[in-house]
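Take a look at the structure set out below.
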Amino acid sequence: MAYDVNTIFQIAGIGIIVAMIHTVLKQMGKEDWAHWVTLIGFVVVLYMVASIIDELFQKIKSVFLFQG
Numbered sequence: 029m030a031y032d033v034n035t036i037f038q039i040a041g042i043g044i045i046v047a048m049i050h051t052v053l054k055q056m057g058k059e060d061w062a063h064w065v066t067l068i069g070f071v072v073v074l075y076m077v078a079s080i081i082d083e084l085f086q087k088i089k090s091v092f093l094f095q096g
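Take the position in the sequence shown, starting the count at 1, then add 28; the result is the number in my numbering.
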């Protein structure tokens, strides 16, 4: 698969950056913005994982249904 360790590092990097921004915003007293940043980070990672899973299912479908 084309997705190897780089994708895992991208997801981990997004998680670390979101966690840092969340902590800074929460300490500044802007908890609502902190929650929005966390939600947006989650949606971005969810989109990345969903596209990877979609590609996996397409490969499985092409193998078992003999379609190119």
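Every residue gets a Cβ at the ideal spot worked out from N, C-alpha and C, and that includes glycine.
The continuous alpha helix (DSSP H) containing lysine 87 extends over residues 59 to 92. Taken through DSSP and simplified to helix, strand or coil, methionine 48 comes out as helix.
Contact annotation: leucine 53 and valine 65 have beta-carbon atoms nearer than 8 Å. Ranking Ile81, Ile88, Phe70 by CA distance to the CA of histidine 50 puts Phe70 first.
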